[in-house]
């Protein structure tokens, strides 16, 4: 805006050229309103432009700026409203399942305390088994609902890409019509096509965020990254990218005709409704699944670990109570070698709610947490030709030769909830004692197990319930923060819609204002006054 205002102020001080477009308006009263930017659409050569067209450029530059700001604001509104809608769904899902890490788990540990410690029972009785099943069933149901939400977001992303392509095709067709329209024969017939194209560009902008470039007879629609979607007689459509190995995966790309390859451009669409959905799927839904997976692993493995350290009434070591899946490894398709890899949990108390990228750089192994992008070196142990990398409670084993640049994606919780399984049945012996001497048995191990509900199992600083509530509050905070911003931005769209300027269509006024000096002065003063008006409207919104 500052460049426009600077140019405006300079114009007021440098009005020297006389105008002659008044006579054109007097002779042709049907001359179209200047806000339609005839000088650009009708390919008027700058060298032949009369003074009226030069005045028109003052208005055009201002109106183009207002139009661009309106689109950018609308794009941000669509982006943030889309995020709000999805945050509300995710927040609602976590609220509805809050009882899992409060009521259900509390009942489970209370039943262990009451039956094993207080009543000196020696087996997983009906009550304890029922409470264990309730927790597992609750987590499974939560997983199903989260999967449905992931599927809904995936489908909406697909629909947005299809809609964007429909708009790209329509804008392209209209652009061809406008470009070759017989303006001399039908002077005003072109404007309905221009209006329709502008409306379609607005709709496309709300989905993917675009920049319009106009230069004489040239009309381009680009992503903010600079990638051209429409350039006069050429266009580029988007493509839906999916994966045969990951049903949840979806992204957006295009076909590069020069390199004859499919290219992913998700990073080029950071905003608009599509950008918001892609970001929400990539970040918020992934974070939600990782948090739920982390809590599940912390809960289940803490019971497993302690139960297998205790002894039952016969002096036998306890059995595992839950089946817990191992993390998933995905090798990069660009790896120069493909050694055999395996992975396992070695300490779930150190588990973090994040995915990882493990890679070799300068002959050193590095690990990056994708949640916060922190990079660190893992603990490394080598045995023969095998390398063992340990980080955040995970051990990654790589057998054979590794090459510089080899990369692996680690997803600790991708299968956690799908493969969670209760391994004990009713009347399975409970490992309640800390000693295997059946003559000196105690209830110490049972006490340790039922106190797990009070222990700081998550990141060694939060209980299960506290960590769950913190994550829920973080979702609510993000949603509320956006909800406070959107109304003001919606108001800004309304303000900007009403701030376009144009030359007068009043013939009498055209007779009265014959000098270019007067016209230029009026044009520039209007813009300065409008800038003041916009500023005042913004202040009123904040007030």
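Numbering (the working numbering), first residue to last: 11 to 553.
Just so it is clear, CB atoms sit at the ideal spot from N, CA and C, and this is done for glycine as well.
Everything numeric in this text was worked out from a predicted model, so none of it was measured.
- Note on geometry: alpha-carbon atoms of residue 431 and residue 142 lie some 10 Å from one another.
- Taken in chain order, the whole alpha helix (DSSP H) runs of length 4 or more contained in the stretch 413 to 493 are 426 to 429, 454 to 460.
- For residue 163, the uninterrupted alpha helix (DSSP H) run begins and ends at 136 to 189, by DSSP.
- Scanning its chain for C-beta atoms nearer than 7 Å, with the 5 sequence neighbours on each side dropped, one finds around residue 213 the residues 177, in chain order.
- Per DSSP, residue 221 is one residue of the beta strand (DSSP E) stretching across 220 to 225.
- Counting along the chain, the unbroken beta strand (DSSP E) around residue 341 starts and ends at 338 to 341.
- Exclusion of the five residues before and after residue 171 leaves 248, 250, 262 as the residues of its chain whose Cβ lies within less than 6 Å of its Cβ.
- Counting along the chain, the unbroken beta strand (DSSP E) around residue 378 starts and ends at 374 to 379.
- The stretch 341 to 351 makes contact with the stretch 413 to 422: 3 or more CB pairs, one atom from each, lie closer than 8 Å.
- Between the stretch 306 to 317 and the stretch 458 to 477, the count of C-beta pairs closer than 8 Å reaches three or more; the two stretches touch.
- Rounded to whole angstroms, the Cβ separation of residue 408 and residue 366 is 14 Å, and the two are not in contact under 8 Å.
- For residue 315, the uninterrupted alpha helix (DSSP H) segment begins and ends at 296 to 317.
- When the beta-carbon positions are compared, residue 442 and residue 453 come within less than 8 Å of each other.
- Exposed is the label assigned to residue 429, since fewer than 16 other Cβ atoms lie within 10 Å of its Cβ.
- Residue 101 is positioned such that its CB atom lies closer than 8 Å to that of residue 485.
- Residue range 115 to 122 is occupied by the alpha helix (DSSP H) that includes residue 120.
- Rounded to the nearest angstrom, the gap between the Cα atoms of residue 468 and residue 304 is 8 Å.
- By the Cβ criterion, the stretch 113 to 132 is not in contact with the stretch 70 to 90, since fewer than three pairs of Cβ atoms, one from each stretch, lie closer than 8 Å.
- The DSSP-derived three-state label of residue 102 is helix.
- The beta carbon of residue 259 sits closer than 7 Å to those of 252, 253, all from its chain and outside the five residues before and after it, given in chain order.
- The shortest CA-to-CA distance from residue 235 to any of 480, 219, 438 is the one to 219.
- Taking 8 Å as the cut-off, the Cβ atoms of residue 111 and residue 475 count as close.
- A direct Cα-Cα distance of roughly 7 Å separates residue 423 from residue 299.
- Comparing alpha carbon positions, the residue from 132, 210, 107 closest to residue 147 is 107.
- Excluding five sequence positions before and after residue 187, the CB atoms of its chain that fall closer than 8 Å to its own CB belong to 203, given in chain order.
- Using a Cβ distance threshold of 8 Å, residue 405 and residue 362 do not count as a contacting pair.
- Under the 10 Å beta carbon count, residue 390 is surrounded by fewer than 16 other beta carbons and is classified as exposed.
- For residue 282, the enclosing alpha helix (DSSP H) begins and ends at 282 to 289.
- Shown here, residue 323 sits in coil according to DSSP, grouped into three states, outside any helix or strand.
- By DSSP's assignment, residue 84 forms no beta bridge with any residue.
- Inter-residue distance for residue 231 and residue 369 is about 38 Å (C-alpha atoms, whole angstroms).
- A Cβ-Cβ contact shorter than 8 Å links residue 434 with residue 329.
- Shown here, residue 371 sits in a strand according to DSSP, grouped into three states.
- Excluding the 5 residues flanking it on each side, residue 272 has same chain C-beta neighbours closer than 8 Å at 249, 251, 263, 264, 265, 266, in chain order.
- Per DSSP, residue 269 lies in no beta strand (DSSP E) segment and is marked neither H nor E.
- The beta-carbon separation of residue 503 and residue 83, rounded to 5 Å, stays under the 8 Å limit for a contact.
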